[in-house]
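Take a look at the structure set out below.
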């Protein structure tokens, strides 16, 4: 086995893409069968070679890494440029040799040079990414609804206020979905942008062998004005009891809504479809309204909860100035960042209408790592809670509570997507 110094980390070339895909598949425990030309062509259309790294042991790729441009919504609705990290693998034959360190360091340095405010990722394993300055910033929850117990009136699934729900096809979704999602993104921190390719892939226009396509159902909610305010995609199984009673499960593939009326109407619609006795939700925010829409909230059982989007702050000043705050106040933060991008002492002067952040020589009031700053930035976590766990240090009594009054948001952040 070659030494670490014999392994080269660099962007891949086009003629190396097939082997890069095979190496990525190996890292995610997928079959290593021949990669089809169609799979390669699909991947080629979606990557930036300058941001697609491989670790080469001779001519063999033994680790993979990719990033791409992303827009992430900060509290208050401002989108910030993010370096989205994905396809991170290291071959089981080359673990513990510093390959991830080298790839991550190169990518974050490039992101910092580009002027990205943050980096983001969805972590497959919890312990890995904290050492690179990432902190968990959103929580994903999934619910399982016992439809007969929910207590909804099944006599009529439609809204009773002049609004309507229409079954539509993928073409309608491609027409109406992007603008609807942009409205959601403008009001919900943690949501990331979806490009045209996302909509093509999720409506069956881009089908590849590794992602076989089965057409789902789509339904749009239209307000009394006719404006589209909600969209859901779902699938159902076909299960019956021995007594010929239906026992079908409906699985939500994605539900977005920009008003509570739209959200309520779509959940009521899903729970009123004939033969459906169980509804399984998609990835929802931890404070989702769903249980409160049900006459019996206990009919919605929390079936999964996990950390989801992780955030790594690269530019403290722009990150803290990009978001809104719940009250007015000042706080001096001492940020530790071994990589150096965010390290320093900063004074934040915040109001609900805007904020100013700048380096300062004033005494620190709250000391924390850059990962903890990423955890606090979207407004989900409590600085008081982190202080209790020994993750942040109060240099001034009450500083953690002051941070909470500034950073916490009325609704928790939500990232519906995986990348």
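Residue numbers (the numbering used here): 599 to 1017. Here a beta-carbon is modelled for each residue, glycine too, at the ideal position from N, C-alpha and C.
For residue 761, the closest C-alpha among the options 709, 859, 721 and 624 is that of 859. Inclusion of residue 795 and residue 779 in the CB contact set at 7 Å is not warranted, their separation being larger than that value. Excluding five sequence positions before and after residue 982, the CB atoms of its chain that fall closer than 7 Å to its own CB belong to 998, 999 and 1002, given in chain order. Taking the C-beta atoms as reference points, residue 1016 is found no nearer than 7 Å to residue 971. For residue 768, the CB contacts under 8 Å within the same chain, skipping 5 residues up- and downstream, are 801, 802, 803, 813 and 816 in chain order.
Residue pairing by DSSP puts residue 882 in a beta bridge opposite 739. By the C-beta density criterion, residue 673 is buried, having at least 16 other C-beta atoms within 10 angstroms.
For residue 649, DSSP records no beta bridge to any residue. The beta carbon of residue 968 lies closer than 6 Å to those of 731, 911, 933, 935 and 940 in the same chain, with the five residues before and after it left out. Between residue 984 and residue 1005, the C-beta gap is not smaller than 7 Å, which leaves the two residues out of contact. Nearest in C-alpha terms to residue 847, of all of 868, 855 and 829, is 868. Note on residue 861: 16 or more other CB atoms within 10 angstroms of its CB, so buried under the neighbour-count rule.
For the set 678, 699 and 827, the Cα lying nearest the Cα of residue 688 is the one of 699.
For residue 902, the enclosing beta strand (DSSP E) starts and ends at 898 to 905. DSSP lists 829 as the beta-bridge partner residues of residue 854.
Judged by pairs of C-beta atoms under 8 Å, the region 870 to 879 touches the region 741 to 749, as three or more such pairs exist. Remark: C-beta atoms of residue 638 and residue 615 approach each other more closely than 7 Å. Proximity to residue 825 across 857, 845, 850 and 808 peaks at 857, based on C-alpha coordinates. Assignment of residue 869 by DSSP, reduced to helix, strand and coil, places it in the coil class. With respect to residue 946, residue 918 sits close: the two C-beta atoms are nearer than 7 Å. Its chain contains no residue whose beta carbon lies nearer than 6 Å to that of residue 952 once the 5 sequence neighbours on both sides are disregarded.
Per DSSP, the beta bridge partners of residue 932 are 943 and 965.
In this structure, residue 663 lies away from residue 682, with their beta-carbon atoms at least 7 Å apart. If you draw a straight line from the Cα of residue 907 to the Cα of residue 842, it comes to about 43 Å. By the beta-carbon neighbour count (other beta carbons within 10 angstroms, threshold 16), residue 978 is buried. Taken atom to atom, the span from the alpha-carbon of residue 709 to that of residue 866 is near 44 Å. Pairing residue 633 with residue 678 gives a Cβ-Cβ distance that is not under 7 Å. Membership of residue 679 in any alpha helix (DSSP H) is not indicated; the residue belongs instead to the beta strand (DSSP E) covering 677 to 688. Looking only at 927, 949 and 961, the smallest Cα-Cα distance to residue 942 is reached by 961. Going by DSSP, residue 658 is part of no alpha helix (DSSP H) but of the beta strand (DSSP E) stretching over 658 to 671. In its chain, beyond the 5 residues on either side, 715 have a beta carbon closer than 6 Å to the beta carbon of residue 916. Within the region 765 to 849, the alpha helix (DSSP H) runs of at least 4 residues that lie entirely inside it are, in chain order, 768 to 783 and 794 to 799. In the structure shown, the three-state DSSP call for residue 975 is helix.
Within its own chain, the residues whose Cβ lies closer than 6 Å to the Cβ of residue 798, once the five positions on either side in sequence are excluded, are 804, listed in chain order. Between residue 610 and residue 652 the beta-carbon gap is near 5 Å, inside 8 Å, which marks them as a contact. Nearest Cα to residue 888 within the set 863, 820, 604 and 930: 863.
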